[in-house]
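A short worksheet on the structure shown next.
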């Protein structure tokens, strides 16, 4: 058994496909990005090594700052608008039971299976100043309904609304699954103690959902950083750079502004930011868990001593 | 006590329904609007009403969308590329998971870490260098330009799910198989794989969902229609029919249809799969 399970040749044959894919599709491009990040390559012809010049420009680049600020807005929108709504909806849905529960769960997730391309173009029409749905709704409620949603001041909010709307079903489903995993005995106990639904939600559901919320918050921040496709189709960063996101910006720099080298430098910084964000968020949540565990242990030790 | 509880639920039930219906309307009304407008003619759109009742249902919009949007070709490409990606992701992830989790060798932890690293790398940062690599190797405009990154970026999550399920399978089974003279490959594919069915389903669903709607890589690495995928029906159409809004609505509805129909049919399995993938991942 041991011999069979440590046969080097067999092991190699098993991990080789995965490793080759990793090297070819992930590691090699990153190395290439690092290399081109040190050049003034336009995408065609010859180029020079220019050292850290791209990174120096990058530090002063106002567009990158806007892009990161927009990611921050999006992350805040996810965390403070989308997730609370998703969590509450999930808790309400959990109480419904029967066929209605399955029906709503199914309906909420439908936008998630639709291509970003459809979603982006659909919302372009919804925001359309002439016949768009949104202005028509405002008219139906007696407003003027002639708002240009993609003006410099409002465009970022228009983009955020689409992203929050599109991802809602996903967040809802994860919270819903988490709530379903809570032991129903706890709810019964609460009901016997005469707790109403709000107290039950605040005192039982919410604390027990903490790990799920933490995972969801981490994912929200990361996906806010990585956002590209919706913005690319909806506004392509415009008007001006008001709705710019990092991934879209590096793409534009490389393929539209013909600064391939600079685009790659942004890419390198982008990867570093994403790695850092993941590590930091995991650390924050891990530490909290650990201190909590320690507290619990201490309390237990005290209890045992008494 | 019990009676009081029942009374309360009678009052709260309608409130639950109202909340849920409002959320459902917000989530689904834009899609109903899309469907409605896709059956009208462009002239009818400039109303101030929310929905139009078309004078004559314009099925012609869909015919145009179907023919000029290259719908069948792009649908075939999407199904083929995504299907292959799913099969490859499952195969490669089971093999790697078994090697890293069950076999005994020094670097197993390191290799697993390395393969999981992909989870943290933003896909769009690789667009520029990969474009360079694929054009140097002559892979642009081939199926491989999509298949390779689709598999590579779905692999980390798949590997994660496979290893966490594999650890629940008792080793004794394999020991018995070894006694009977089974080789490693037979152990993996005849004993382990059938037991991984639920996680295989989850991986398949997650991989399919992630890649089905992908178009950033597709629009970077492909230029001719040979291998273009479904989202291109819309991307190309909006230029061509920029003033014919009704046909644009039709092509959007048509492009969304396959995924929505499959989702409605398989919705229980898909929600289960997504939930499992998300909770474990």
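Protein chains in written order, with our numbering: chain A, 54 to 359; chain B, -16 to 264. For glycine and all other residues, C-beta sits at the position ideal for the given N, C-alpha and C.
Please check if any C-beta of chain B sits within less than 7 Å of the C-beta of residue i.
i: residue 131 of chain A; result: no
i: residue 354 of chain A; result: no
i: residue 137 of chain A; result: no
i: residue 79 of chain A; result: yes
i: residue 264 of chain A; result: no
i: residue 119 of chain A; result: no
i: residue 157 of chain A; result: yes
i: residue 103 of chain A; result: no
i: residue 167 of chain A; result: yes
i: residue 99 of chain A; result: no
i: residue 338 of chain A; result: no
i: residue 237 of chain A; result: no
i: residue 70 of chain A; result: yes
i: residue 151 of chain A; result: no
i: residue 95 of chain A; result: no
Going along the chain, which residues of its own chain have a beta-carbon closer than 7 Å to the beta-carbon of residue i, five neighbours each way excluded?
i: residue 274 of chain A; result: 128, 330, 334
i: residue 266 of chain B; result: Missing from the structure shown is residue 266 of chain B; chain B here goes from -16 to 264 and no further.
i: residue 211 of chain A; result: 180, 202, 203
i: residue 200 of chain B; result: 110, 129, 132
i: residue 208 of chain B; result: 53, 56
Under 8 Å Cβ to Cβ from residue i, same chain only, skipping five residues before and after it: list those, please.
i: residue 105 of chain A; result: 91
i: residue 114 of chain B; result: 123, 203, 204
i: residue 148 of chain A; result: 250
i: residue 34 of chain B; result: 15, 16, 19
Hey, how far is the Cα of residue i from the Cα of residue j?
i: residue -16 of chain B; j: residue 160 of chain A; result: Low local confidence applies: a pLDDT of 38 at residue -16 of chain B is under 50, so the model's placement there is unreliable, with the coordinate-based value given in what follows. The straight-line gap from Cα to Cα measures roughly 36 Å.
i: residue 180 of chain A; j: residue 197 of chain A; result: 14 Å
i: residue 215 of chain B; j: residue 126 of chain B; result: 15 Å
i: residue 64 of chain A; j: residue 280 of chain A; result: 37 Å
i: residue 150 of chain B; j: residue 85 of chain B; result: 9 Å
i: residue 9 of chain B; j: residue 101 of chain A; result: 53 Å
i: residue 224 of chain B; j: residue 11 of chain B; result: 26 Å
i: residue 189 of chain A; j: residue 199 of chain A; result: 9 Å
i: residue 348 of chain A; j: residue 233 of chain A; result: 28 Å
i: residue 324 of chain A; j: residue 337 of chain A; result: 20 Å
i: residue 352 of chain A; j: residue 246 of chain A; result: 25 Å
i: residue 98 of chain A; j: residue 311 of chain A; result: 11 Å
i: residue 182 of chain B; j: residue 148 of chain B; result: 7 Å
i: residue 261 of chain A; j: residue 21 of chain B; result: 45 Å
i: residue 159 of chain B; j: residue 215 of chain A; result: 55 Å
i: residue 276 of chain A; j: residue 219 of chain A; result: 13 Å
i: residue 298 of chain A; j: residue 174 of chain A; result: 18 Å
i: residue 268 of chain B; j: residue 23 of chain B; result: Absent from the structure is residue 268 of chain B, since the part of chain B shown begins at -16 and ends at 264.
Does the beta carbon of residue i sit closer than 7 Å to a beta carbon anywhere in chain A?
i: residue 224 of chain B; result: no
i: residue 96 of chain B; result: no
i: residue 241 of chain B; result: no
i: residue 86 of chain B; result: yes
i: residue 238 of chain B; result: yes
i: residue -14 of chain B; result: Because residue -14 of chain B sits at a pLDDT of 41, beneath the cut-off of 50, its placement in the model cannot be relied upon, and the point is left open.
i: residue 16 of chain B; result: yes
i: residue 229 of chain B; result: no
Note down, in chain order, every chain A residue with its Cβ under 8 Å from the Cβ of residue i.
i: residue 10 of chain B; result: 160, 161, 163, 164, 218, 221, 222
i: residue 101 of chain B; result: 75, 79
Determine the chain B residues that contact residue i at a beta-carbon separation under 9 Å, and present them in chain order.
i: residue 282 of chain A; result: 107, 196, 197, 198, 199
i: residue 320 of chain A; result: 105, 107, 108, 109, 110, 111, 112
i: residue 59 of chain A; result: 86, 87, 88
In chain B, which residues lie with their C-beta within 7 Å of the C-beta of residue i?
i: residue 324 of chain A; result: 104, 105, 108
i: residue 312 of chain A; result: Correct list: empty, because the minimum Cβ distance to chain B is about 11 Å.
i: residue 184 of chain A; result: 28, 29
What residues of chain B sit near residue i, judged by a beta carbon separation below 8 Å?
i: residue 305 of chain A; result: Near residue 305 of chain A there are no residues of chain B at all, since even the closest Cβ is about 11 Å away, more than 8 Å.
i: residue 292 of chain A; result: Those within 8 Å of residue 292 of chain A in chain B number zero; the least Cβ separation is about 19 Å.
Chain A partners of residue i, CB-CB under 7 Å?
i: residue 257 of chain B; result: 226
i: residue 135 of chain B; result: 74, 75, 78, 79
i: residue 250 of chain B; result: 159
i: residue 79 of chain B; result: 67, 68, 71
i: residue -1 of chain B; result: 145, 148, 149
Between which residues of its own chain and residue i is the CB-CB distance below 6 Å, once the five residues before and five after are set aside?
i: residue 157 of chain B; result: 170
i: residue 228 of chain A; result: 139, 140, 143
i: residue 223 of chain A; result: 165
i: residue 179 of chain B; result: 148
Could you check if residue i belongs to the surroundings of the ligand PLP, using beta carbon to heavy atom distance under 6 Å?
i: residue 36 of chain B; result: Summarising the ligand content, the structure contains no ligands, and the ligand PLP is consequently not present.
#### Entry: Touch test, the stretch 251 to 259 of chain A against the stretch 291 to 311 of chain A, Cβ-Cβ under 8 Å, three pairs minimum
no
### Task
Could you tell me whether the stretch 166 to 182 of chain B touches the stretch 71 to 86 of chain B, where touching means 3 or more Cβ pairs closer than 8 Å?
yes
### Query
Between the stretch 37 to 50 of chain B and the stretch 244 to 264 of chain B, do three or more beta carbon pairs fall short of 8 Å?
no
### Task
Check whether the stretch 11 to 22 of chain B touches the stretch 231 to 243 of chain B, taking contact to mean three or more Cβ pairs, one atom from each stretch, closer than 8 Å.
yes
### Task
Take every Cβ of the stretch 118 to 125 of chain A, pair it with every Cβ of the stretch 276 to 295 of chain A, and state whether three or more of those distances are shorter than 8 Å.
yes
### Query
Do the stretch 317 to 325 of chain A and the stretch 71 to 88 of chain A touch if we need at least three Cβ pairs shorter than 8 Å?
Contact holds: three or more Cβ-Cβ distances are below 8 Å.
### Query
With contact counted as at least three CB pairs below 8 Å, one residue from each stretch, are the stretch 43 to 59 of chain B and the stretch 185 to 193 of chain B in contact?
no
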